[in-house]
Structures are given as C-alpha cells and as structure tokens.
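Let me begin by presenting the structure, written as structure tokens, before commenting on it.
Protein chains: 4
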Amino acid sequence: MNHAVSNEEVLKRVRGILSRQPFSALLKTEATQALADGTCEFRISIDNNLMQHMNMVHGGVLGYAADTGLTFAAGIVYAAPVITSEFKINFLRPVVGQALIARGSVVYKGRSQAVTRCDLFVEKDGEEKLCATAQGTIVLLPESGGAGA
Amino acid sequence: MNHAVSNEEVLKRVRGILSRQPFSALLKTEATQALADGTCEFRISIDNNLMQHMNMVHGGVLGYAADTGLTFAAGIVYAAPVITSEFKINFLRPVVGQALIARGSVVYKGRSQAVTRCDLFVEKDGEEKLCATAQGTIVLLPESGGAGA
Amino acid sequence: MNHAVSNEEVLKRVRGILSRQPFSALLKTEATQALADGTCEFRISIDNNLMQHMNMVHGGVLGYAADTGLTFAAGIVYAAPVITSEFKINFLRPVVGQALIARGSVVYKGRSQAVTRCDLFVEKDGEEKLCATAQGTIVLLPESGGAGA
Amino acid sequence: MNHAVSNEEVLKRVRGILSRQPFSALLKTEATQALADGTCEFRISIDNNLMQHMNMVHGGVLGYAADTGLTFAAGIVYAAPVITSEFKINFLRPVVGQALIARGSVVYKGRSQAVTRCDLFVEKDGEEKLCATAQGTIVLLPESGGAGA
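Protein chains in written order, with UniProt numbering: chain A, 1 to 149; chain B, 1 to 149; chain C, 1 to 149; chain D, 1 to 149.
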C-alpha cells in the first residue's frame with residue numbers, strides 16, 4: 001500500500017481483515033470509512049447482547065470498539081501487520097442508543113510504532129454524542145515484510 | 001455488605017450481577033472467586049468466537065476481561081453500584097490457549113472512587129502465563145443508597 | 001467565572017495560580033494563552049537543569065508540562081479548584097530544542113469531573129514538533145464553593 | 001550486567017546515571033535501593049520548591065518520580081540504555097509530608113520492551129502512605145550495544 005492507493009482500496013482491505021475476525025463478526029462490526037491517512041470509522045448496532053446489567057452498553061464493548069479504531073488506524077498507515085501494545089480509555093457518559101461509532105486516527109507514526117486516538121460516539125434518535133475517548137500505542141510486527149495489513 | 005459478609009455471599013452477589021449482563025453471557029464469563037477485600041477472579045473459555053484474524057484472542061476480549069476484574073473489585077468493596085471511569089491496559093504477549101483468567105484487586109479505596117488493578121492470564125496446557133495488566137478508576141454511583149452492588 | 005469573563009481575565013487568573021506554585025517557578029513556566037473554553041498554552045524555556053543523562057529533556061519535565069496543561073484546562077472551565085485524578089502520556093520523540101510548549105484543551109466537561117487533553121511541542125530553530133500527547137481526568141474539588149480557580 | 005552482578009554494583013550504576021541527570025539533581029533525588037531483578041527505590045526530600053499552590057507536592061513531581069522508578073526498573077534488567085514510551089499514573093491522595101518514595105519493579109520483560117510499575121509513597125511523621133501508582137512501557141534503545149545502562 002502506498003500513497004497512490006485509493007480510499008476505496010483501503011476500505012476494502014480493512015473490511016477484508018475485519019471479516020476474518022470472528023470476534024468482530026460476533027459483535028457485527030462494520031467498517032464504514034477508511035482513508036489512506038489512517039482515519040477510519042466503525043459502526044456497531046446496539047442490541048441487547050451488548051448490554052450490562054443497568055441497561056447500558058457494556059464497557060467491554062467500548063473497549064473493543066476503541067481497540068478496533070486504534071489498531072486499524074495504525075494498520076492502515078503501515079499497510080502491514082500490527083499489534084496493539086497498550087491503550088487507555090476514558091468513559092464519558094452512559095451509552096444508551098441505537099449505534100456505537102468508533103472513529104480512529106493517527107497522532108504520530110514512527111519507524112516501528114504509532115500513537116493513535118479513537119473517539120467513540122453513541123447515536124441516539126439521529127443525534128451523535130461523544131461517549132468515550134482512547135489513546136494507544138500500536139506496534140509494527142517485526143516479522144512483517146510489509147505485505148499488506 | 002459489611003465485613004461480616006462471608007466470601008460465599010460475596011461470590012453469590014458477583015454471580016448474580018454477572019448473570020444479568022447479556023454481554024458477559026455472550027462471552028460465557030464465569031466468576032470463580034470473590035473475596036470481601038475486592039479480590040476477584042473470572043474465567044473465560046477461549047473458543048473461536050473470541051479470535052481476531054491471526055488466530056489469537058482479540059484484544060477487545062482482553063479489554064472486556066480487564067474491565068470486568070477492575071469494576072467488580074471496586075463493586076465488591078463498596079457493596080454498591082459503581083461505574084468505570086477509565087482504565088489502561090498493557091498487552092504483554094499473544095493470547096493463545098484454552099482459557100483467559102482475569103484477577104482483579106483493589107489498590108486504593110477512597111470515599112467516592114477506587115483505583116483497582118487486573119492481571120490477565122492465559123491458561124495453556126495446564127500452565128498459566130501473564131498476558132496483560134490493567135489499572136483503572138472506578139467511581140461509586142452518587143445515586144447509590146448503598147443497597148447492594 | 002462565567003461566559004462573560006474575558007480571555008484576558010482568564011489568562012490573568014491562570015498566571016495568578018501559576019505564580020503561587022513554587023514548582024512551576026522552579027521550572028520557569030509561563031502561561032502564554034488561556035481561553036474561557038479551557039484552551040490554554042504554557043511555555044518552558046529549555047535549559048540544562050531540565051535534562052536527563054542523554055542530553056534530552058527529562059521525561060519528568062514532560063510529565064509536569066502535561067499535568068499543567070491538563071489541569072488548567074479543567075480549572076478554567078470549572079472556574080473552581082480542581083485536582084488531577086489520573087493521566088496518561090505517550091512520548092513521541094526525544095525532546096531537544098529551545099522551548100517546550102504545552103497546549104491543553106477540554107474533551108468533556110461533566111458535572112464533577114472533566115476529561116482533558118494536552119499536546120506537547122518542542123520548538124527548535126523556529127520550528128515546532130509534536131513530542132508527546134496526554135489525556136487525563138480532572139476532578140472538581142467537592143469542598144469548592146465555586147469561588148475562583 | 002548479568003545475574004552474577006551484585007546488588008551493590010547495580011545500585012552504583014543507577015546512582016551513576018542519576019548523577020548525570022541535571023533534572024534529578026535539581027529535585028535532589030537519591031537512589032536508595034536497586035536490585036538485579038529491577039526492583040528499585042528512590043527518595044525525594046519534600047521542600048517548598050516542589051509544591052503547588054495548595055501546599056501539596058505538585059503532581060508534576062509525582063509524575064517525575066513515577067517516570068524515574070518505571071524507567072530505572074527496566075534499565076536495570078536490560079542493563080542497557082532504555083527510553084520511556086508511555087506511562088499512566090493515578091493520584092490517590094494529596095501529598096503532604098517529609099519525603100516522597102518511589103518504588104519501581106518489572107511486571108514483564110520482553111525482547112525489546114518491558115512493562116513496569118511504580119508505587120509512590122509519602123512519608124509523614126515516620127509513617128508511609130501509598131499516594132500514587134503508575135504503569136508504563138519502557139523500550140530498549142535499538143542502537144544499544146548492551147554496554148551498560
């Protein structure tokens with residue numbers, strides 16, 4: 001993947017990886033945007049399976065969504081296999097609504113690791129609200145020959 | 001809940017809450033230990049549903065397991081409804097094996113918020129290895145009248 | 001402090017607090033901007049006192065600068081005493097140059113706590129480069145009667 | 001450095017590095033313990049220079065102390081130059097007392113990066129209290145030839 005790769009191609013690759021992740025299939029995650037600069041967006045429809053005991057989306061779902069946005073943002077710009085080293089997430093408000101949207105982006109791309117950010121939004125009755133924000137470190141896998149994310 | 005509450009009673013309460021979390025049911029999480037001091041243990045059998053595309057357990061599952069250990073540790077010592085404010089997780093090694101074990105404990109219990117820790121272990125062929133470690137802040141819900149976790 | 005407070009007044013208050021912090025005086029920190037929405041900027045001239053043993057600015061100085069940007073961002077929007085609950089910082093590149101600049105902003109302002117962000121830049125030969133980024137939780141002090149930051 | 005290195009030798013090396021850090025000299029940091037397994041302890045006498053405006057030790061001092069414990073813990077076990085990639089710190093209580101003590105240790109040592117922990121204690125009237133806890137990632141410098149931390 002290089003700068004000549006179209007955004008359509010990037011999104012196709014992201015969807016290809018996502019479709020090979022059983023856990024992402026279990027959570028019915030869709031990739032809705034992916035740009036060559038690492039900007040990416042994922043959408044998870046909220047259904048009862050994702051809830052905790054107080055009728056809010058479980059924090060673990062938010063952690064998953066954040067991890068997805070953080071990791072793909074780096075995977076896109078490296079265009080090579082990456083692995084998440086660590087991340088931190090702040091939960092801002094209870095998540096109640098129809099969909100969870102994760103928007104990832106790259107803050108810094110180094111030689112072998114990137115720092116990325118992911119904001120999570122809950123969509124309720126047509127309105128979006130920021131509900132969590134995460135920051136993490138994603139590492140390029142050393143054995144990577146650069147052969148695609 | 002007070003210091004006279006038996007560990008059996010604490011475990012029963014933790015299991016009661018867990019059973020009302022559809023997302024924990026989806027991931028087939030079991031509570032295997034819970035002590036009045038906040039020490040708690042959860043076990044997730046690893047099956048294909050929890051994988052990412054490189055045949056390792058998805059980081060989102062580890063995030064969920066960490067969140068569970070961090071939050072219950074505080075919920076137990078407050079014996080009242082709590083909510084996770086934030087956490088940070090470091091991934092230490094790829095997770096391949098038969099089960100994921102999350103062990104939570106309380107580092108500091110303040111008047112209205114606690115700092116807790118959760119270590120994650122992967123069980124493979126009868127051996128346990130540390131695979132991730134997390135630290136977070138759990139807040140006592142202000143509307144809580146103290147009536148049970 | 002309310003929305004009618006001018007940015008000049010906000011900056012004056014920030015400088016007043018900073019001048020009463022002996023540690024900020026020791027590091028010769030200057031407040032160079034402060035807006036009513038929590039956006040703020042601090043500048044630290046880099047001198048030999050701030051170095052570690054490899055001739056780069058010590059990570060502890062970056063931690064201090066991040067803490068300052070994160071905390072003042074919240075202190076400004078609450079216009080009341082606050083305290084930092086936690087933060088996380090990613091170091092992006094070695095810090096070598098003439099000045100360190102910390103830019104704080106508010107991501108989310110809740111009833112009793114805010115999540116803020118702070119980007120750190122190193123100024124070298126007239127050029128600025130992002131060198132660290134931080135995210136944290138700042139708590140409104142409960143005893144606060146709202147009587148000024 | 002290998003397992004045959006005595007703890008006295010480790011402490012001597014730690015003190016050697018610390019003495020070449022002007023910022024550590026400015027804060028009058030002393031290394032009081034360093035073991036070959038990465039366990040280490042640093043002590044900072046609290047004086048007025050380290051305060052913020054509410055007569056507590058500035059959070060930036062705690063960030064510095066945490067960074068020191070986290071980084072040296074890894075530097076000791078690698079016995080080679082390292083750099084801090086990121087850390088997270090939770091502040092547990094206001095720091096008022098005679099000395100700040102930072103205790104670092106290694107959670108996980110990988111091929112090229114370690115995860116370490118640092119607990120901070122305040123010593124007041126002969127009693128120690130946990131006042132902050134930190135977790136971070138420390139990276140072995142690639143250019144390192146292994147020639148001593």
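Every residue, glycine too, gets a C-beta built ideally from N, C-alpha and C. A quick note: this is a predicted structure, and the numbers were derived from the prediction, not measured.
Using the C-alpha atoms, what's the distance from residue j back to residue i?
i	j	result
residue 1 (chain B)	residue 9 (chain B)	Confidence in residue 1 (chain B) is poor, its pLDDT being 45 and thus under 50, which makes the residue's placement unreliable; the coordinate value appears in the next sentence. Their backbone Cα atoms lie some 9 Å apart in a straight line.
residue 53 (chain A)	residue 131 (chain D)	33 Å
residue 14 (chain A)	residue 44 (chain A)	15 Å
residue 59 (chain C)	residue 102 (chain D)	15 Å
residue 105 (chain D)	residue 71 (chain D)	9 Å
residue 49 (chain C)	residue 27 (chain C)	9 Å
residue 25 (chain D)	residue 66 (chain D)	16 Å
residue 77 (chain D)	residue 97 (chain C)	31 Å
residue 16 (chain D)	residue 61 (chain C)	20 Å
residue 46 (chain A)	residue 135 (chain B)	27 Å
residue 5 (chain A)	residue 56 (chain B)	29 Å
residue 95 (chain B)	residue 120 (chain C)	34 Å
residue 11 (chain A)	residue 40 (chain A)	9 Å
residue 127 (chain C)	residue 63 (chain D)	27 Å
residue 91 (chain A)	residue 112 (chain B)	17 Å
residue 114 (chain D)	residue 125 (chain A)	45 Å
residue 123 (chain B)	residue 129 (chain A)	39 Å
residue 35 (chain C)	residue 73 (chain C)	9 Å
Starting from residue i, follow the alpha helix (DSSP H) in both directions and report where the run begins and ends.
i	result
residue 93 (chain A)	Neither: residue 93 (chain A) is in no alpha helix (DSSP H) and is coded neither H nor E.
residue 77 (chain D)	59-78
Using a beta-carbon distance below 8 Å, is residue i in contact with chain C?
i	result
residue 139 (chain A)	no
residue 146 (chain D)	Because the pLDDT of residue 146 (chain D) is 40, which lies under 50, any placement of that residue in the model is unreliable, and the number read from its coordinates should be weighed accordingly. For residue 146 (chain D), the answer is no, since every Cβ of chain C falls outside 8 Å of its Cβ.
residue 78 (chain A)	no
residue 11 (chain D)	no
Any beta carbon from chain B within less than 8 Å of residue i's own beta carbon?
i	result
residue 92 (chain D)	yes
residue 142 (chain A)	no
residue 115 (chain D)	yes
residue 67 (chain A)	yes
residue 108 (chain D)	yes
residue 23 (chain A)	yes
Measuring alpha carbon to alpha carbon, tell me which residue in the options is nearest residue i.
i	options	result
residue 85 (chain B)	A:124, A:133, A:51	A:133
residue 141 (chain A)	B:98, B:93, B:136	B:93
residue 75 (chain D)	D:122, D:120, D:37	D:37
residue 7 (chain C)	C:48, C:66, C:19, C:79	C:79
residue 88 (chain B)	B:40, B:122, B:116	B:116
residue 118 (chain B)	D:55, D:124, D:22, D:107	D:107
residue 139 (chain C)	C:82, C:40, C:31	C:82
residue 99 (chain B)	B:29, B:112, B:19, B:12	B:29
residue 20 (chain D)	C:51, C:111, C:122	C:51
residue 69 (chain A)	A:18, A:129, A:128, A:123	A:18
residue 110 (chain D)	D:34, D:129, D:137	D:137
Hey, does residue i have any beta-carbon neighbour from chain A nearer than 8 Å?
i	result
residue 61 (chain B)	yes
residue 35 (chain B)	no
Locate the beta strand (DSSP E) running through residue i, then write down its first and last residues.
i	result
residue 29 (chain D)	29-34
residue 6 (chain B)	Counting along the chain, residue 6 (chain B) falls outside any beta strand (DSSP E), and DSSP gives it neither H nor E.
residue 24 (chain B)	Counting along the chain, residue 24 (chain B) falls outside any beta strand (DSSP E), though it belongs to the alpha helix (DSSP H) covering 22-26.
residue 39 (chain B)	Neither: residue 39 (chain B) is in no beta strand (DSSP E) and is coded neither H nor E.
residue 104 (chain A)	99-109
residue 135 (chain D)	127-140
residue 120 (chain C)	113-124
For residue i, would you say it is in contact with chain D, using Cβ-to-Cβ distances shorter than 8 Å as the test?
i	result
residue 88 (chain A)	yes
residue 105 (chain A)	no
residue 85 (chain A)	yes
residue 133 (chain A)	no
residue 130 (chain B)	yes
residue 48 (chain C)	yes
residue 20 (chain C)	yes
residue 120 (chain C)	no
residue 98 (chain C)	no
For chain G, check one thing: does any of its Cβ atoms lie closer than 8 Å to the Cβ of residue i?
i	result
residue 57 (chain D)	No chain G appears in the structure shown, which is made up of the protein chains A, B, C and D.
Looking at residue i: is its Cβ nearer than 8 Å to the Cβ of residue j?
i	j	result
residue 42 (chain C)	residue 32 (chain C)	yes
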